[in-house]
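What follows is one structure encoded as structure tokens, with my remarks underneath.
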Amino acid sequence: MFPLERQKKIVELLMIKKVMKLTELTKELNVSIDTLRRDISLLTKQGKIEKIYGGVKIVEENFGESTIDERMVSHLKEKETIAQKCSEYIQDGDCIYIDSGSTTFQIAKYIKNKKKLTVITNSIPVILELLNSDIELIIIGGKIRRDERSVVTYEYLFNFSQLNIQKAFICASGITIEKGISDYNMEEAITRKKMIELSNEIYVAADSTKFGKNVTIGIAPLSEIDYVITDHNINKLFINQFKQTNTNLIVLEA
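Quick note on numbering: the sequence shown equals residues 61 to 314 in my numbering.
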């Protein structure tokens with residue numbers, strides 16, 4: 061493993077576990093303590109991690125959700141791979157919901173050639189991406205969140221009950237076995253809850269950094285989710301835990 065790959069892995073492990081002992085990291089990465097210390101020294105100088113007695117911890121840069129612009133470029137390769145896999149579940153003639161979010165946005169790039177497809181969304185970037193395609197577009201009506209480039213709505217603003225959605229592709233900021241999927245914004249959560257309620261099949265598209273986090277607002281337990289699609293960097297602990305649930309965890313190859 062190259063130094064940059066190793067350092068990336070250290071940060072990703074700490075994003076899940078928050079705090080790790082040096083002995084844990086040497087075993088996880090299969091490196092010597094001297095090599096690990098060089099990586100830790102560099103990551104500390106970059107402000108990504110912080111040394112503590114006997115170990116290291118992640119530096120929380122944001123107390124809450126990062127901006128949509130930051131998320132659009134963060135873990136981009138993984139998100140594109142997840143989105144491409146999601147597109148394989150979308151068939152000609154489907155009526156689908158694409159959530160606002162940096163991972164679900166990528167799905168729009170892979171479905172432009174689908175026939176007789178209807179896309180319902182609250183994502184302005186998704187609308188712009190598909191505007192010149194032959195896809196039937198429905199954007200839910202409501203209040204625009206400029207910072208998220210999304211639309212949030214309530215029953216009195218938009219008649220959700222008229223929608224007949226076969227598949228919903230939902231994003232999440234946190235996923236745990238105990239609490240299911242969660243997010244930071246109450247208004248976004250209301251829309252996601254409603255779409256999960258109305259859709260026949262629920263797909264959660266989330267990169268591996270979202271696992272092990274339970275953030276501000278609970279959206280749905282795993283019992284309401286049919287599929288979770290993620291990248292190969294997911295901790296094996298979560299793979300084993302998902303085997304005890306009825307939710308299908310799809311882990312993509314490197």
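Built from N, CA and C at the ideal position, the CB exists for glycine as well.
query, result
"Could you compute how far the alpha carbon of T276 sits from the alpha carbon of K239?", "11 Å"
"Give me the Cα-Cα distance between V119 and I195, rounded to the nearest whole angstrom.", "43 Å"
"So I200 and N182 are supposed to be a Cβ contact under 8 Å. How far apart are they, rounded?", "5 Å"
"Which runs of the beta strand (DSSP E), 3 residues or longer, sit entirely within the stretch 226-283?", "227-230, 234-236, 240-243, 261-265, 277-280"
"On the CB-based measure, 16 or more other CB atoms within 10 Å of its CB, does Q304 come out buried or exposed?", "exposed"
"To which residues of the same chain is S259 closer than 8 Å at the C-beta, ignoring the five residues directly before and after it?", "Y157, I225, Q226, K227, A228"
"With distances taken from CA atoms, which of N90, K139, V264 is nearest A314?", "K139"
"Roughly how many angstroms separate the alpha carbons of N245 and S221, rounded to a whole number?", "23 Å"
"Does DSSP put N300 in a helix, in a strand, or in coil?", "helix"
"Any contact between the stretch 62-78 and the stretch 93-104? By contact I mean 3 or more CB pairs, one from each, below 8 Å.", "yes"
"Measuring CA to CA, which of V79, P63, L74 is closest to L96?", "P63"
"Mind checking who I156 pairs with in its DSSP beta bridge?", "V179, K227"
"What are the start and end residues of the beta strand (DSSP E) that includes R206?", "R206 -> no beta strand (DSSP E), and no H or E assigned at all."
"Tell me the residue span of the alpha helix (DSSP H) that contains K145.", "136-147"
"Under the DSSP definition of a beta bridge, which residues are partnered with M80?", "V116"
"How far does the beta strand (DSSP E) with L312 in it extend, from its first residue to its last?", "Run containing L312: none; DSSP gives neither H nor E here."
"Could you tell me the alpha carbon to alpha carbon distance between F123 and L136, rounded to whole angstroms?", "Its pLDDT being 45, under 50, F123 is placed unreliably by the model, and the measurement read from it follows with that caveat. Each residue's alpha carbon lies about 22 Å from the other."
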